[in-house]
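Have a look at the structure below, then the notes.
Protein chains: 2
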Amino acid sequence: MMTVRKPQHTVVYESLRKHISEGIYREGDLLPSENELCATHGVTRPTIRKALDKLVNDGFIVKRKGKGSIVKGSPTGVGILSLGGTTAALGTANLTTRIIVKPEVRPWEKAFSFDLSDREKEFGCIYLERLRLINDDPVFYDITMIPNINLPRLSALSFENKSLFNLLRQHYQLEVTGGEQKIQAILATEKIQDYFKVSKDQPIIQLDRKMDTNRPDFSFYSQVYCNADKYALIGTF
Amino acid sequence: MMTVRKPQHTVVYESLRKHISEGIYREGDLLPSENELCATHGVTRPTIRKALDKLVNDGFIVKRKGKGSIVKGSPTGVGILSLGGTTAALGTANLTTRIIVKPEVRPWEKAFSFDLSDREKEFGCIYLERLRLINDDPVFYDITMIPNINLPRLSALSFENKSLFNLLRQHYQLEVTGGEQKIQAILATEKIQDYFKVSKDQPIIQLDRKMDTNRPDFSFYSQVYCNADKYALIGTF
DNA sequence: ATTTTTAACTTGTGTTTACAAGTTAAAAGT
DNA sequence: ACTTTTAACTTGTAAACACAAGTTAAAAAT
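Here the protein sequences come in this chain order: A and B.
Residue numbering for the first sequence follows this note's numbering, starting at 3 and increasing by one per position.
Residue numbering for the second sequence follows this note's numbering, starting at 3 and increasing by one per position.
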């Protein structure tokens, strides 16, 4: 298998991103100046600037002319309503995941309200259901469907602790570049009442999402139910 | 007043963006190649690429190596759940706006669940309430609060047809660069029942949003209620 | 001591050059 | 007629350079 050479700006981006999310740079800190980053990474300023642009875009830093790059911290809750995956939303500290349906290959039924391309239909679908709990309170219930195209060993990977987004990014260089979503407020169905331990009058947020990636014609789909009653869904965008 | 010179990549970006949203370039069309754009705009490729990067980021185009820049069309519904303002969500065709409270200067009470800086509290707050209707069905009810800092004549401007986002961008070069939001599903309160003509069992989406802009320390706030029952909230991100 | 100026930083914008890599259609070969 | 090769496009990455403009703290002037 031919491995793809990673562009230098991606390497720098991932390095800085990791440093921020691991707390080596903390909120309010100034990152090293662009020229310093050039020296430490052995690249030129346009390359560094491209990496920083991406960090700005993802909400990890803000830049001030004449000042520097200020760390905003790991974007809280990028994920529910924007990019990044739900795990980022609240930190992994209090979040546990219960696998309801283990990743398995299935034929496609339907991708919620989204249309599937012929190519996607040919291949199978990796299907999984998860329940996410915050401090043992069930808050998210999600169904995810991923086309089984060129993703060796995906169904064997653990979905317990890592976010799906990180997993796809790290193992397959798949990045979510955008997508579509449909949002509704519904009353809890019986299944949801059961999972969330709520009454039938409880309003629930339902999100149907199609995630596009940097691999052309590769999208995956998820349906997320959120009980935003106890834990508010807070997100940056 | 010293007017700020617009960077060339911004000029190119706005020109292309306008052409796309006016339908001069249609969905599926290829934009002129980067080299052609260099020639027509009299700038070099990095400048053009910066403009195109922004268009990609805003969801107006996608790029394919070896192919070109493909127009995706005006991003539908960037706004409810991402950037851009609610007007973009459904096209202006069927959308009408009813002003409930005309823009007026008020002292700040509270910016929903968000904290205000001391500087924001010093200045007044431009307050307005709007009801948005799709085909005469009320779908959005929103309260907006904007710090009254250096926004001459804002309260005199018409909020009827234009989106607030476009208005701020065109008159004050204010661009929303990101923000925070809190989302909840609630049961319709009495006021909402009245505005939306729904029963008290109707689940409603409530969005509290803080919008950050390219002007440092300038944010504005809105609270949006959505009746997503009849018209689904569809958005790109 | 206080204020003003300056110099040394920072990021922002823009050009020029070079090559890599994906796409496509015409040209060449079979 | 069909297949293969090639050449001419496209965007992607990266360097090296120059200057503009905002910030800050030390130096100079008052």
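The C-beta atom is built at its ideal place from N, Cα and C for all residues, glycine as well.
Remember, it's a predicted structure, so these values are computed and weren't measured experimentally.
Open item on the list: Is there a Cβ of chain B sitting closer than 7 Å to that of residue 97 (chain A), yes or no?
Closed with: Locating residue 97 (chain A) in the first sequence gives position 95, where the first residue counts as 1. False, the Cβ-Cβ gap to chain B never drops below 7 Å.
TODO: Report yes or no: do three or more beta-carbon pairs, one from the region 194-204 of chain A and one from the region 216-223 of chain A, lie closer than 8 Å?
DONE: no
TODO: Measure from the C-beta of residue 32 (chain A) to each C-beta in chain B and report whether the shortest distance is under 7 Å.
DONE: Walking along the first sequence from the start, residue 32 (chain A) turns up at place 30. Output row for residue 32 (chain A): interface = no.
Open item on the list: Is the separation between the beta-carbon of residue 2 (chain B) and that of residue 206 (chain A) shorter than 7 Å?
Closed with: What is shown of chain B runs 3 to 239, which leaves residue 2 (chain B) out entirely.
TODO: Would you list, in chain order, the members of the region 107-140 of chain B that have their beta-carbon closer than 9 Å to a beta-carbon of chain A?
DONE: 115
TODO: Pair every Cβ in the region 143-150 of chain B with every Cβ in the region 223-233 of chain B, then say whether three or more of these pairs are closer than 8 Å.
DONE: yes
Task: Extent of the continuous beta strand (DSSP E) to which residue 49 (chain A) belongs - done: Here residue 49 (chain A) is taken as the residue at index 47 of the first sequence, counted from 1. Per DSSP, residue 49 (chain A) belongs to no beta strand (DSSP E); it is in the alpha helix (DSSP H), 47-59.
Task: Status (buried if at least 16 other CB within 10 Å, exposed otherwise) for residue 76 (chain A) - done: Residue 76 (chain A) sits at position 74 when you count from the first residue of the first sequence. Residue 76 (chain A) comes out buried.
TODO: Compare the C-alpha of residue 210 (chain B) against each of B:175, B:153, B:113, B:48 and name the closest.
DONE: Translated into the one-based positions of the second sequence, residue 210 (chain B) becomes position 208. The shortest C-alpha separation from residue 210 (chain B) is found at B:113.
TODO: Check whether the Cβ of residue 195 (chain B) sits closer than 6 Å to any heavy atom of the ligand MN, and report yes or no.
DONE: As for the ligand MN, it is missing from this structure, which has no ligand bound.
Open item on the list: Just to confirm the assignment, what range does the alpha helix (DSSP H) spanning residue 172 (chain B) have?
Closed with: Here residue 172 (chain B) refers to the residue found at position 170 when the second sequence is read from its first residue. Note, residue 172 (chain B): alpha helix (DSSP H), 166-174.
Open item on the list: One question on the structure: do residue 38 (chain B) and residue 50 (chain B) come within less than 7 Å of each other, judged by their Cβ atoms?
Closed with: The count along the second sequence starts at 1 and reaches residue 38 (chain B) at position 36. The count along the second sequence starts at 1 and reaches residue 50 (chain B) at position 48. It is not a contact, given that the beta carbons lie outside the stated cut-off.
- [ ] Excluding the 5 residues preceding and the 5 following residue 126 (chain A) in the sequence, name in chain order all residues of the same chain whose CB lies nearer than 7 Å to its CB.
- [x] Sequence index remark: in the first sequence, residue 126 (chain A) carries index 124 (1-based). Only 107, 108, 109, 150 meet the Cβ criterion.
Task: Residue range of the unbroken beta strand (DSSP E) whose run includes residue 142 (chain A) - done: For this step, residue 142 (chain A) is matched to residue 140 along the first sequence. Residues 139-149.
Open item on the list: With the cut-off set at 7 Å, would you say residue 100 (chain B) and residue 130 (chain B) are in Cβ contact?
Closed with: Residue numbering aside, residue 100 (chain B) sits at position 98 when the second sequence is read from its first letter. Residue numbering aside, residue 130 (chain B) sits at position 128 when the second sequence is read from its first letter. Against a cut-off of 7 Å, the Cβ pair of residue 130 (chain B) and residue 100 (chain B) comes out as no contact.
Open item on the list: List, in chain order, every chain B residue whose beta-carbon is nearer than 8 Å to that of residue 189 (chain A).
Closed with: As a first step, residue 189 (chain A) is located in the first sequence; it is residue number 187 there, counting from the start. Ordered by position in chain B, the residues that pass the 8 Å Cβ test against residue 189 (chain A) are 203, 205.
Open item on the list: Using beta carbons (cut-off 7 Å, strictly below), is residue 41 (chain B) in contact with chain A?
Closed with: Walking along the second sequence from the start, residue 41 (chain B) turns up at place 39. By this cut-off, residue 41 (chain B) is not an interface position.
Task: Residue environment, residue 1 (chain B), which counts as buried when at least 16 other CB atoms sit within 10 Å - done: For chain B, the structure presents residues 3 to 239; residue 1 (chain B) sits outside this window and is missing.
Open item on the list: Does residue 9 (chain A) pass the burial test, meaning 16 or more other C-beta atoms within 10 Å, or should it be called exposed?
Closed with: Within the first sequence, numbered from 1, the residue matching residue 9 (chain A) stands at position 7. By the neighbour-count rule (16 or more Cβ atoms within 10 Å), residue 9 (chain A) is not buried but exposed.
Task: Bridge partners - residue 65 (chain A), DSSP secondary structure assignment - done: Here residue 65 (chain A) is taken as the residue at index 63 of the first sequence, counted from 1. Note: residue 65 (chain A) sits in a beta bridge opposite A:71.
Open item on the list: Please tell me whether residue 230 (chain A) has its Cβ less than 7 Å away from any Cβ of chain B.
Closed with: Reading the first sequence from its first residue, position 228 is the one you call residue 230 (chain A). It does; some Cβ of chain B falls within 7 Å.
Task: Under 9 Å by beta carbon: chain B residues contacting residue 66 (chain A) - done: Numbered from 1 along the first sequence, position 64 holds the residue referred to as residue 66 (chain A). Going along chain B in sequence order, the residues near residue 66 (chain A) (Cβ under 9 Å) are 218.
Task: Helix, strand or coil at residue 227 (chain B) according to DSSP, with G and I counted as helix - done: Counting from 1 along the second sequence, the entry for residue 227 (chain B) is found at position 225. Note: residue 227 (chain B) maps to strand in three-state DSSP.
Task: residue 180 (chain B) beta carbon less than 7 Å from that of residue 212 (chain B) - done: Position 210 of the second sequence, counting from 1, holds the residue named residue 212 (chain B). Position 178 of the second sequence, counting from 1, holds the residue named residue 180 (chain B). It is not a contact, given that the beta carbons lie outside the stated cut-off.
Task: For residue 155 (chain B): DSSP bridge partner residues - done: Reading the second sequence from its first residue, position 153 is the one you call residue 155 (chain B). Residue 155 (chain B) is not bridged to any residue.
Open item on the list: Could you give the first and the last residue of the continuous alpha helix (DSSP H) run that contains residue 204 (chain A)?
Closed with: Locating residue 204 (chain A) in the first sequence gives position 202, counting from the first residue. Element bounds for residue 204 (chain A): n/a, residue is neither H nor E.
Task: residue 187 (chain B), enclosing beta strand (DSSP E) - first and last residue - done: The sequence position of residue 187 (chain B) within the second sequence is 185, counting from 1. From DSSP, the beta strand (DSSP E) with residue 187 (chain B) extends over 178-189.
- [ ] Would you mind working out which of B:42, B:98, B:111, B:32 sits nearest residue 67 (chain B), comparing C-alpha positions?
- [x] Taking the first residue of the second sequence as 1, we reach residue 67 (chain B) at position 65. Ranking the options by Cα distance to residue 67 (chain B), first place goes to B:32.
Task: Residue interval of the alpha helix (DSSP H) (run including residue 15 (chain B)) - done: One-based indexing of the second sequence puts residue 15 (chain B) at position 13. That run of the alpha helix (DSSP H) goes 10-23.
Open item on the list: Using the three-state DSSP reduction, which class does residue 104 (chain B) fall into: helix, strand or coil?
Closed with: On the second sequence, residue 104 (chain B) is found 102 positions in, with the first residue counted as 1. Correct three-state label for residue 104 (chain B): strand.
- [ ] Quick one: residues in its chain with C-beta nearer than 7 Å to the C-beta of residue 21 (chain B), no 5 flanking neighbours on either side, listed in chain order?
- [x] If you number the second sequence from 1, residue 21 (chain B) lands on position 19. These residues qualify, in order along the chain: 27.
Task: Short Cβ contact (7 Å threshold) for residue 128 (chain B) with residue 156 (chain B) - done: Within the second sequence, numbered from 1, the residue matching residue 128 (chain B) stands at position 126. Within the second sequence, numbered from 1, the residue matching residue 156 (chain B) stands at position 154. For residue 128 (chain B) and residue 156 (chain B), yes; Cβs fall inside 7 Å.
Open item on the list: Please report the straight-line C-alpha distance between residue 30 (chain A) and residue 71 (chain A), rounded to a whole angstrom.
Closed with: As a working note, residue 30 (chain A) is residue 28 in the first sequence. As a working note, residue 71 (chain A) is residue 69 in the first sequence. If you take the alpha carbons of residue 30 (chain A) and residue 71 (chain A), they lie about 9 Å apart.
Open item on the list: Looking at the secondary structure, which residues open and close the beta strand (DSSP E) in which residue 124 (chain B) lies?
Closed with: The residue given as residue 124 (chain B) occupies position 122 in the second sequence. No beta strand (DSSP E) holds residue 124 (chain B); the alpha helix (DSSP H) holding it covers 120-124.
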